[in-house]
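> In full-length UniProt numbering, the protein residues as written are 1 to 163.
In this text, a Cβ means the ideal position worked out from N, Cα and C, and glycines have one as well.
1. Determine the burial state of residue 89: buried for a count of at least 16 other Cβ atoms within 10 Å of its Cβ, exposed for fewer.
2. Out of curiosity, what's the CA-to-CA distance linking residue 122 and residue 66?
3. Could you have a look at residue 62 and say whether DSSP puts it in helix, strand or coil?
4. Just the C-alpha distance for residue 75 and residue 53, rounded to the nearest angstrom, thanks.
5. Report yes if the CB atom of residue 71 is closer than 7 Å to the CB atom of residue 56, and no otherwise.
6. For residue 107, collect the residues of the same chain with a Cβ closer than 6 Å to its Cβ; drop the 5 residues on either side in sequence, then sort them by chain order.
7. How about residue 118 and residue 33: do their beta carbons lie closer than 7 Å?
8. Residue 118 bridges to which residues according to DSSP?
9. Using a 10 Å radius around the Cβ and a threshold of 16 neighbouring Cβ atoms, would you call residue 73 buried or exposed?
10. Which residues share a DSSP beta bridge with residue 100?
11. Quickly, what does DSSP pair residue 105 with across the bridge? List them, please.
12. Please return the same chain residues whose Cβ sits closer than 6 Å to the Cβ of residue 40, not counting the five positions on each side in sequence.
13. Cβ atoms of residue 113 and residue 64: under 7 Å apart, would you say?
14. With DSSP as the reference, label residue 136 as helix, strand or coil.
15. Quick one: Cα of residue 36 to Cα of residue 78, how far?
16. Roughly how many whole angstroms lie between the Cα atoms of residue 23 and residue 150?
17. If you count every other CB in all the chains shown that lies within 10 Å of the CB of residue 170, and 16 or more means buried, which is it?
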């Protein structure tokens, strides 16, 4: 087996393991949120996409549908549906600026702030783990890895856009 084939096989294995790990991490995070907010039934059926919207609002502050759609990479229609669910769950508020009654903005409620805080802590822990893992490599190895990952991401985007 040539080296390119070995790299491809390892790449596929890594992607599968990452997908499985991501699912387990998401389930663990949602379970931690549910346990920490036992009297808050609205988080019982929180989806990962809803969590990403909460994260985006928490990071950016008051945001509108268009900016949320751009940040998360989904349609404005999808954001409208997600924000409707989050409004019903009491995790976000909807408001308009006094000088702009046309545009609708969103902000986190206290429940949304709690969910955002858990998500932030969770992500910081994942980041520390990855940075610790990467510390075993030299700067030149890291630069090469960064180049490969950037190029692979661009290739994926190009292939996705051409399909």
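On the basis of the supplied data:
1. Taking the first residue of the chain shown as position 1, residue 89 is located at position 89. Label assigned to residue 89: buried.
2. Against the chain shown, residue 122 aligns to sequence position 122. Against the chain shown, residue 66 aligns to sequence position 66. C-alpha separation (whole angstroms): 27 Å.
3. Mapped onto the chain shown, residue 62 falls at position 62. Note: residue 62 maps to coil in three-state DSSP.
4. Locating residue 75 in the chain shown gives position 75, counting from the first residue. Locating residue 53 in the chain shown gives position 53, counting from the first residue. Straight-line Cα distance between these residues: approximately 13 Å.
5. As a position in the chain shown, residue 71 is number 71, starting the count at 1. As a position in the chain shown, residue 56 is number 56, starting the count at 1. Yes. Within cutoff.
6. To locate residue 107, count along the chain shown from 1; it is residue 107. Contacts found: 62 and 93.
7. As a first step, residue 118 is located in the chain shown; it is residue number 118 there, counting from the start. As a first step, residue 33 is located in the chain shown; it is residue number 33 there, counting from the start. Taking 7 Å as the Cβ cut-off, residue 118 and residue 33 qualify as a contacting pair.
8. Taking the chain shown and counting its residues from 1, the one referred to as residue 118 is at position 118. DSSP lists no partner for residue 118.
9. The count along the chain shown starts at 1 and reaches residue 73 at position 73. Its Cβ having fewer than 16 others within 10 Å, residue 73 is exposed.
10. Within the chain shown, the letter at position 100 stands for residue 100. Paired residue(s): 97.
11. As a working note, residue 105 is residue 105 in the chain shown. Its beta-bridge partners are 64 and 95.
12. To locate residue 40, count along the chain shown from 1; it is residue 40. Leaving aside the five residues that flank residue 40 on each side, the residues in its chain whose CB is nearer than 6 Å to its CB run, in chain order, 111.
13. Start at 1 with the first residue of the chain shown, and residue 64 comes out as number 64. Start at 1 with the first residue of the chain shown, and residue 113 comes out as number 113. Not a contact, by the Cβ cut-off of 7 Å.
14. Looking up residue 136 in the chain shown gives position 136. The answer is coil: DSSP assigns residue 136 none of H, G, I, E or B.
15. As a first step, residue 36 must be located in the chain shown, where it is residue number 36. As a first step, residue 78 must be located in the chain shown, where it is residue number 78. One C-alpha to the other measures close to 28 Å.
16. The residue given as residue 23 occupies position 23 in the chain shown. The residue given as residue 150 occupies position 150 in the chain shown. Rounded to the nearest angstrom, the gap between the Cα atoms of residue 23 and residue 150 is 24 Å.
17. Because the chain is modelled from 1 through 163, residue 170 falls outside the range shown and cannot be assessed.
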